[in-house]
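Taken in sequence, the protein lines are chains G and Y.
Under this note's numbering, residues -11 to 377 are what the first sequence spells out, in order.
Under this note's numbering, residues -11 to 377 are what the second sequence spells out, in order.
Working notes, beginning with the structure itself.
2 protein chains.
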Amino acid sequence: MIVAETPQRATPHGLAHQAVHFEDGLLLDCGVRLGRLSVAYRTCGRLNAERSNAVLVCHALTGDQYVAEPHPLTGKPGWWEAVVGPGRPVDTNRFFVISANVLGGCMGSSGPASQKDGQADGGSAVLWGTDFPPVTIRDMVRAQKRLIEHLGIERLFAVLGGSMGGMQVLEWAALYPESVFAAVPVATAAYHTAQNIAFHEVGRQAIFADPDWAGGRYWEAGKVPARGLAVARMTAHITYLSEQALTRKFGRRLRSGASLTLFDDLFEVESYLRHQGSTFVARFDANSYLSITRAMDFFDLAAEHGGDLARAFAGAKTRFCVISFSSDWLFPTAQSRAIARALNQAAANVSFVEVESDKGHDAFLLDEPEFHRTLAGFLSGSGRLIGLS
Amino acid sequence: MIVAETPQRATPHGLAHQAVHFEDGLLLDCGVRLGRLSVAYRTCGRLNAERSNAVLVCHALTGDQYVAEPHPLTGKPGWWEAVVGPGRPVDTNRFFVISANVLGGCMGSSGPASQKDGQADGGSAVLWGTDFPPVTIRDMVRAQKRLIEHLGIERLFAVLGGSMGGMQVLEWAALYPESVFAAVPVATAAYHTAQNIAFHEVGRQAIFADPDWAGGRYWEAGKVPARGLAVARMTAHITYLSEQALTRKFGRRLRSGASLTLFDDLFEVESYLRHQGSTFVARFDANSYLSITRAMDFFDLAAEHGGDLARAFAGAKTRFCVISFSSDWLFPTAQSRAIARALNQAAANVSFVEVESDKGHDAFLLDEPEFHRTLAGFLSGSGRLIGLS
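Here you go:
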């Protein structure tokens, strides 16, 4: 195995990302072998001498490795600064926090926006685009495992993440139980429901419908399927919020000076959605969106274990803390309860907390004191068990 | 006032619709006067000698006047044949059923797809397109009132409808209380919520994003914004179904022979949605979709009455039967309960029924025996009060 570590690597955005490259590649669930595997990642805090304080943070569909530092494209704060940092629930004074861009992503890891196998660095890059093979949540976790090994870590103190990040947490515990001491799947599910799939399909169709998508080879024409990707984001964004949150934020407030017209945005909620759509386009790759939504839709952990979710966790020594939010209708509490039930059937160590919140699925990203206290308490308690101070 | 009744009238689809034309037009809420008002309609059953057995059925966003007869474009059964017909809850052996295409619609009434004011019949038609002035639910009801007067009916025995049809029912009772003996708003609300507006906005953006929409003048180029309209329909369709209904229908069933790919529809629910999108395009006009969703979003009956919904029904002698469905998350029961509460505050005669169903918002269109029994019982009981046999 040849490993090359690069402090910077050009992407279509012209951005540099810290990354590690595995020249022996990765065999994917679909049967295809990626010839070269790149994993872009960031770390925060210090690995202790025993290498026992590493926490892997897994990101959601449109997240990335910039968890607790400004986003290099938008300049905005990291997506989980409320949770990860000095003195935060995931305290970077105590833990060594690792986060990797998922396989299929567009922030430096192998994905549709990365260089196709067999291309020399430096030359005019041929990108994977839609030739990038379909990946699964399990493939994402396998790639992360390579990174963790590269960093010299045998066992992670904890793996945590929300939404698609939570799917990766579950897959980590199922695939590498010896490598995960504690696991925190948040606002997630062990499979994607028909409704989840349906919303994703609308987003994909919106991208396919944009002529600037150009059959997936938009960058060759110097274009971006901005309108299709924005519509996809708008649809998804509605599902991330609760009805209460939308009402609290906007209700039926009209934009100032708005009158009844066919085209202009009339209500504040419309302006907000249009803004969400257009800012997303500036930081995300449409083909990555296709690739990652597919991976989520395909996720069904029980199906990987003969249809029995409990078997996925058979003999697990990992400590679990399953967390859901009461107003999350995309990944409702019932889904988390089903995970907790399977863990109990597998005689695993599990606590399950439903946090009261009116913020919907997005609650895991927001200021939710009860969630943060639960997480901090679980990590502290688990840390004491292995002598982490 | 000049009224012309035409048995047939050409539309962009080349279809003929029964319609009445009011040459004195209609003053709209937006302040614009339509120079000519066309109302396409159908009737079923016989008006009795006392003209006391007329029932107006109001259709939803994508419905039309073909309630209980085959649709002229698709050949499919009428959208409410389960409810309207001989021996059905709205028994056409007893009632004279009237249904009109809404203002803004595309099945023969004045709307974006109809001829612009000042155009001579027969010549090469200039259509309204996006020049059609924005209309409200109240405008739709005013247009229906003109039709009812034209038919020589002073008081409707009943007005009923689901979803946007229910909004029209509420508006009828508020605007013309003397003309409505009984009112049945089904699966509806007295205003559109921020979440409702948000979903509609996604659909509109999908249409705007389609280059074939051509700034709203697509028919001039002989095109149809098929991809955008299909995405709009797909999004909306998900909101019409409950999660349970989707799971029961499709779950995570893969299409036969499906393997993990980026593009093909993999899950049955995806094929279903794609089919829903493409069949809708064949029967609906994109500009009408824009116009009617705007009317729904703008609907806020309390706001029309100083912010107090009860005032909309002050002194009402109309008998109300408010019906909701337990799994409807688009127009949840809480919205119907708020209507019933306001009616009670206004000392109106109201019964309120939440029908247990796992079919979601679409339940009002489907085979729901409890709903049908409730409706039949209410209409029979109300009919006895005025001597209808």
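Quick reminder that beta carbons are idealized off the backbone N, C-alpha and C, glycines included.
Computed from a prediction, not measured in an experiment: that's the story for all the values here.
If you follow the alpha helix (DSSP H) that residue i is in, where does it begin and where does it stop?
i             : result
residue 331/G : 321 to 333
residue 9/Y   : Not the alpha helix (DSSP H): residue 9/Y falls in the beta strand (DSSP E), residues 7 to 10.
residue 366/Y : 357 to 373
residue 234/G : 231 to 237
residue 299/G : 297 to 300
Can the beta-carbon of residue i be found closer than 8 angstroms to that of residue j?
i             : j             : result
residue 181/G : residue 155/G : no
residue 354/Y : residue 228/Y : no
residue 280/Y : residue 92/Y  : yes
residue 313/G : residue 343/G : yes
residue 78/Y  : residue 145/Y : no
residue 362/G : residue 338/G : no
residue 100/G : residue 276/G : yes
residue 278/G : residue 192/G : yes
residue 298/G : residue 334/G : yes
residue 49/Y  : residue 284/Y : yes
residue 72/G  : residue 45/G  : yes
residue 300/Y : residue 336/Y : no
residue 324/Y : residue 232/Y : no
residue 143/G : residue 167/G : yes
residue 90/Y  : residue 33/Y  : no
residue 66/G  : residue 58/G  : yes
Using only CA atoms, which one of the options lies nearest to residue i?
i             : options                       : result
residue 127/G : 351/G, 20/G and 117/G         : 20/G
residue 94/G  : 83/G, 60/G, 162/G and 287/G   : 60/G
residue 306/Y : 377/Y, 224/Y, 165/Y and 277/Y : 165/Y
residue 296/G : 150/G, 140/G and 330/G        : 330/G
residue 39/G  : 169/G, 67/G and 243/G         : 169/G
residue 249/Y : 124/G, 80/G, 133/G and 34/G   : 124/G
residue 326/G : 303/G, 356/G, 351/G and 288/G : 288/G
residue 186/Y : 253/G, 68/G and 171/G         : 253/G
residue 6/G   : 18/G, 321/G, 29/G and -8/G    : 29/G
residue 47/Y  : 69/Y, 15/Y and 152/Y          : 152/Y
residue 348/Y : 293/Y, 224/Y, 207/Y and 67/Y  : 224/Y
residue 211/Y : 269/Y, 240/Y and 256/Y        : 269/Y
residue 282/G : 267/Y, 255/Y and 320/Y        : 255/Y
residue 88/G  : 53/G, 67/G and 260/G          : 53/G
residue 238/G : 167/G, 260/G and 184/G        : 260/G
residue 375/Y : 356/Y, 17/Y, 41/Y and 34/Y    : 41/Y
residue 139/Y : 302/Y, -7/Y and 350/Y         : -7/Y
residue 174/G : 320/G, 13/G and 14/G          : 320/G
residue 332/G : 350/G, 352/G and 302/G        : 302/G
Express the C-alpha separation of residue j and residue i in angstroms, rounding to a whole number.
i             : j             : result
residue -3/Y  : residue 27/Y  : With a pLDDT of 44 at residue -3/Y, under the threshold of 50, the modelled position of that residue is not reliable, and the figure given next carries that caveat. About 11 angstroms.
residue 360/G : residue 258/Y : 37 angstroms
residue 271/Y : residue 64/Y  : 11 angstroms
residue 122/Y : residue 23/Y  : 14 angstroms
residue 379/Y : residue 83/Y  : Absent from the model: residue 379/Y. The displayed extent of chain Y is -11 to 377, so no value can be given.
residue 178/G : residue 213/Y : 38 angstroms
residue 3/Y   : residue 115/Y : 15 angstroms
residue 216/Y : residue 219/G : 10 angstroms
residue 367/G : residue 242/Y : 39 angstroms
residue 11/G  : residue 195/G : 32 angstroms
residue 37/Y  : residue 163/Y : 26 angstroms
residue 265/Y : residue 76/G  : 47 angstroms
residue 97/G  : residue 345/Y : 46 angstroms
residue 69/Y  : residue 80/Y  : 11 angstroms
residue 365/G : residue 171/G : 13 angstroms
residue 150/Y : residue 247/G : 27 angstroms
residue 322/G : residue 292/G : 21 angstroms
residue 352/Y : residue 55/Y  : 13 angstroms
residue 240/G : residue 198/Y : 27 angstroms
residue 357/G : residue 203/Y : 47 angstroms
Is residue i near the ligand MG, judged by its Cβ being under 7 angstroms from some heavy atom?
i             : result
residue 209/Y : Ligands displayed in this structure: none; no statement on the ligand MG is therefore possible.
With respect to the beta strand (DSSP E) encompassing residue i, which residues constitute its N-terminal and C-terminal limits?
i             : result
residue 31/G  : 25 to 32
residue 36/Y  : Segment: none, residue 36/Y is in no beta strand (DSSP E) and carries neither H nor E.
residue 271/G : Looking at the DSSP string, residue 271/G is not in any beta strand (DSSP E), and its letter there is neither H nor E.
residue 44/Y  : 42 to 46
Against residue i, what residues of chain A qualify as contacts under a CB-to-CB distance less than 8 angstroms, listed in chain order?
i             : result
residue 258/Y : Looking for chain A here will not work: the only protein chains present are G and Y.
Requested in this report: Only counting runs of 3 or more residues, tell me where the beta strand (DSSP E) segments fall wholly within the segment 92 to 155 of chain Y, in order along the chain.
Outcome: 144 to 150
**Report entry** Completely contained beta strand (DSSP E) runs for the segment 188 to 226 of chain G, where each covers 3 or more residues
**Finding:** none
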